[in-house]
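Engineer: To convert, note that position 620 of the sequence shown is 620 in full-length UniProt numbering; the numbers rise steadily by one, no gaps.
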Amino acid sequence: MPIFLQTNGMKKILIGFFSVIFLLLLILAIYNWWLSAISIIILLYFFYLLIKQSVKFQKEVDHYISLLSHRVEKVGEEALLQMPIGILLVDEEYTIEWANPYMLSVFQEESLIGTSVYDIADELIQMMIQENERKIITLHERKYRVFYKREEKLLYFFDITEQALIEQKYEEEQPVIAIIFLDNYDEVTQGMDDLARGSLNSRVTSLLNEWASQYGIYLKRVSGDRFIAFFNEKILAVLEKGKFSILDNIREMTAKNNLPLTLSIGVGAGSSSLPELGSYAQSSLDLALGRGGDQAAIKLPNGKIKFYGGKTNPMEKRTRVRARVISHALSELIQDSDRIFIMGHKYPDMDAVGAAIGILKIAQMNQRESYVILNEQEIDSGVRKLLSEVKQKTDIYSHFISPQEALEINMTNALLVIVDTHKPSLVIEEKLVNRCERIVVIDHHRRSEEFVQNPLLVYMEPYASSTSELVTELLQYQPNRKIDILEATALLAGIIVDTKSFTLRTGSRTFDAASYLRAKGADTVLVQKFLREDLDTFIKRAKLVEKVEFYKEGIAITKGEPSESYNNVLIAQTADLLLAMENVEASFVISKRPDDMVGISARSLGKINVQIIMEQLEGGGHLTNAATQLRDITINEAEKQLKAVIDSYLEGGNQS
Numbered sequence: 001m002p003i004f005l006q007t008n009g010m011k012k013i014l015i016g017f018f019s020v021i022f023l024l025l026l027i028l029a030i031y032n033w034w035l036s037a038i039s040i041i042i043l044l045y046f047f048y049l050l051i052k053q054s055v056k057f058q059k060e061v062d063h064y065i066s067l068l069s070h071r072v073e074k075v076g077e078e079a080l081l082q083m084p085i086g087i088l089l090v091d092e093e094y095t096i097e098w099a100n101p102y103m104l105s106v107f108q109e110e111s112l113i114g115t116s117v118y119d120i121a122d123e124l125i126q127m128m129i130q131e132n133e134r135k136i137i138t139l140h141e142r143k144y145r146v147f148y149k150r151e152e153k154l155l156y157f158f159d160i161t162e163q164a165l166i167e168q169k170y171e172e173e174q175p176v177i178a179i180i181f182l183d184n185y186d187e188v189t190q191g192m193d194d195l196a197r198g199s200l201n202s203r204v205t206s207l208l209n210e211w212a213s214q215y216g217i218y219l220k221r222v223s224g225d226r227f228i229a230f231f232n233e234k235i236l237a238v239l240e241k242g243k244f245s246i247l248d249n250i251r252e253m254t255a256k257n258n259l260p261l262t263l264s265i266g267v268g269a270g271s272s273s274l275p276e277l278g279s280y281a282q283s284s285l286d287l288a289l290g291r292g293g294d295q296a297a298i299k300l301p302n303g304k305i306k307f308y309g310g311k312t313n314p315m316e317k318r319t320r321v322r323a324r325v326i327s328h329a330l331s332e333l334i335q336d337s338d339r340i341f342i343m344g345h346k347y348p349d350m351d352a353v354g355a356a357i358g359i360l361k362i363a364q365m366n367q368r369e370s371y372v373i374l375n376e377q378e379i380d381s382g383v384r385k386l387l388s389e390v391k392q393k394t395d396i397y398s399h400f401i402s403p404q405e406a407l408e409i410n411m412t413n414a415l416l417v418i419v420d421t422h423k424p425s426l427v428i429e430e431k432l433v434n435r436c437e438r439i440v441v442i443d444h445h446r447r448s449e450e451f452v453q454n455p456l457l458v459y460m461e462p463y464a465s466s467t468s469e470l471v472t473e474l475l476q477y478q479p480n481r482k483i484d485i486l487e488a489t490a491l492l493a494g495i496i497v498d499t500k501s502f503t504l505r506t507g508s509r510t511f512d513a514a515s516y517l518r519a520k521g522a523d524t525v526l527v528q529k530f531l532r533e534d535l536d537t538f539i540k541r542a543k544l545v546e547k548v549e550f551y552k553e554g555i556a557i558t559k560g561e562p563s564e565s566y567n568n569v570l571i572a573q574t575a576d577l578l579l580a581m582e583n584v585e586a587s588f589v590i591s592k593r594p595d596d597m598v599g600i601s602a603r604s605l606g607k608i609n610v611q612i613i614m615e616q617l618e619g620g621g622h623l624t625n626a627a628t629q630l631r632d633i634t635i636n637e638a639e640k641q642l643k644a645v646i647d648s649y650l651e652g653g654n655q656s
């Protein structure tokens, strides 16, 4: 039967049509039988023609389908065997059962049957074990996008080498903007005559131009201490591989002439928008300068920041203009606020508490309601002794509140001053940072990636010995500079603790601040009383020293007992004590903390940058004084991580 007659709809129509015609012919036969007979013959003839044509059409369709099936089968065979698409069929044991000719040409083999996938590429094994549906792998220096059909155990290979090269070229040619700043240029050239200044500019510019020419960078000087550079991602990768060697070249060149001139470089990358790149570059430069200069910072759109350099101690500024400006700006912010909250870092040391008391005094000088936030359950013995003295001064102690009490106070139009840290995760109560819209940061640590969002005022000076030194300078520019003996003593204690009795990170400004505090009545005998320790602490520290081992030449590492916890002050004191030993260039103390985290305290004489080492372990600090806290880790695991970072640091030429 013809195809169109096989459908129910067509059958009904034809049956109905012929039934009606036949009925009409029967009716016609009543009136004229011979006319009816002729009509029936004609009707049968047309039905015969219809059947005949249908049979012919059916044969043509069958022939077409047969031909098409053959062509499709041939095309499928051609695609399977000849097209540039690789196909592998593997069994449960990852052994190849069949491979098309294209895959044989890829591996230049006559047959792959029986070959284990382990012998071809480990990436394929990982892909099948993890049941990834697609992955890009490299075979014989060409890239393939591989599709894995788990149920059929089939692997399809599509060559994307040319596409990958185009993508790589596109990524390498993405624009990069860098801002290069000459640190301390104004201070260095302030006392120079025109000839000496011109000679310095000529040497620095010549060295920078040679560097730019070597790497294919467009460099333009836009001011006396600032350059702008344009290049691409490919050149940036080369500069990163070389750890921005221009930093060392400039430092060494100027050092030969006894000039403390270094470079800071802010790099904007990872975007095709030039305004965004410029913004990233300026932000990176601000970050590099906030960390003390002599380093390069690269800021990416995902928020990650990479640092290179930073090997030297930041130079102390010769002017007090910035301190005076910050002091006046702080006074204005305090006067515009209804109440002031002051907070340091968790487990605050003498520097954090002393600086907080100093800011409390500034707030009182400006006649504003103010509070120091302190958790008395998380303080060391020295701070506890200071607090016992403060309790006798009700006018000071009445302003000390707990974090819980602070959260219950109305924060509308309040000002939060964070001292001795700039990381929200390290403050005593992070909820206050999120609740308070107006924040001031005063710190002497080098700036890290984590930072308080949108602060109104930032006073970060990495050259300073302590935050207490910075606060002491701010006090000197307040309208009413009268401070209490205990307040002066607390600030002096903060300076003495962080400088290890004026032996480390001490500049002329440090002695100026100490002199000012002594003039205001700071009691050095009382400071020594605060810093005295009990016999148990001394014994604990001695046991830590007893277990010291030298990992590399000049690098001493000791660790506490896994079952015993040590406070951060004790491990810091141990690191300081080890540094006083002969042949020790850097010391690291690893121990469990009261909060179940593992703390590492690091100290250095300056040859080894412990700040960079601690930053690799999510910590931070200074070139000679740094630390970190690690969560969900054992002391032995922390030691392994520390040694791996030390190895990486030493292999990288003492750079980041």
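For each residue, glycine too, the CB sits at the ideal point set by N, CA and C.
A quick note: this is a predicted structure, and the numbers were derived from the prediction, not measured.
1. Taking Cβ to Cβ, would you say residue 467 is nearer than 8 angstroms to residue 443?
2. Residue 328: beta carbon under 7 angstroms from a heavy atom of the ligand MG?
3. Check this for me: beta carbons of residue 153 and residue 89, under 8 angstroms apart or not?
4. For residue 459, which beta-bridge partners are listed by DSSP?
5. So for residue 367, helix, strand or coil by DSSP?
6. With distances taken between CB atoms, is the gap from residue 220 to residue 231 smaller than 8 angstroms?
7. Residue 97 to residue 85, Cα distance in whole Å?
8. Between the segment 270-283 and the segment 235-244, are three or more C-beta pairs nearer than 8 angstroms?
9. By how many angstroms is the C-alpha of residue 111 removed from the C-alpha of residue 155?
10. Are the CB atoms of residue 527 and residue 493 within a distance shorter than 8 angstroms?
11. Tell me whether the beta-carbon of residue 327 lies closer than 8 angstroms to the beta-carbon of residue 478.
12. Taking DSSP as the reference, what is the three-state secondary structure of residue 328?
13. Just tell me which of 262, 118 and 607 has its CA closest to the CA of residue 251.
14. For residue 216, tell me which candidate among 296, 92 and 173 has the shortest Cα-Cα distance.
15. Residue 261 by DSSP, collapsed to three states: which one?
16. What runs of the beta strand (DSSP E), each 3 residues or longer, lie entirely inside the UniProt domain "GGDEF" (173-301)?
17. Using 8 angstroms as the Cβ pair cut-off and three pairs as the minimum, do the segment 537-555 and the segment 507-527 touch?
18. Along the chain, where does the alpha helix (DSSP H) that runs through residue 495 open and close?
19. Does DSSP classify residue 423 as helix, strand or coil?
20. Under the three-state reduction of DSSP, which class applies to residue 393: helix, strand or coil?
21. Figure out for me which residue from 94, 259 and 639 has the closest Cα to the Cα of residue 184.
22. Check whether the segment 412-420 touches the segment 329-345, taking contact to mean three or more Cβ pairs, one atom from each stretch, closer than 8 angstroms.
23. Residue 51 to residue 14, Cα distance in whole Å?
24. Using a threshold of 8 angstroms, state whether the C-beta atoms of residue 623 and residue 604 are closer than that.
25. Quick one: using the 10 Å Cβ neighbour count with 16 as the cut-off for buried, is residue 423 buried or exposed?
26. Are the segment 367-375 and the segment 394-402 in contact at 8 angstroms, needing three or more beta carbon pairs?
27. Please work out which residues of its chain come closer than 8 angstroms, Cβ to Cβ, to residue 333, disregarding the five sequence neighbours upstream and downstream, and give them in chain order.
28. Per DSSP, residue 144 forms a beta bridge with which residues?
29. Between 307, 463 and 486, which has its C-alpha nearest residue 508's C-alpha?
30. I'd like the span of the alpha helix (DSSP H) that includes residue 152, first residue to last.
31. Taking only the alpha-carbon atoms, compute the straight-line gap between residue 518 and residue 576 and give it to the nearest angstrom.
32. Residues in the same chain with beta-carbon distance under 6 angstroms from residue 363, minus the five sequence neighbours each way, listed in chain order, please.
33. Please report the distance separating the alpha-carbon of residue 190 from that of residue 225.
34. Just the C-alpha distance for residue 285 and residue 325, rounded to the nearest angstrom, thanks.
35. Which same chain residues, not among the five before or five after residue 639, have their C-beta less than 8 angstroms away from its C-beta?
36. Return helix, strand or coil for residue 623, following the three-state DSSP convention.
Structural biologist: In short, the structure shows the following:
1. yes
2. For the structure depicted, the ligand MG is absent and the ligand set is empty, with no information on it obtainable.
3. yes
4. 442
5. coil
6. no
7. 17 angstroms
8. no
9. 17 angstroms
10. yes
11. yes
12. helix
13. 262
14. 173
15. coil
16. 175-183, 218-223, 226-232, 262-268 and 295-299
17. no
18. 485-499
19. coil
20. coil
21. 259
22. yes
23. 12 angstroms
24. yes
25. buried
26. yes
27. 415, 438, 440, 456 and 457
28. 137 and 159
29. 463
30. Segment: none, residue 152 is in no alpha helix (DSSP H) and carries neither H nor E.
31. 26 angstroms
32. 334, 340 and 370
33. 13 angstroms
34. 21 angstroms
35. 557, 559 and 590
36. coil
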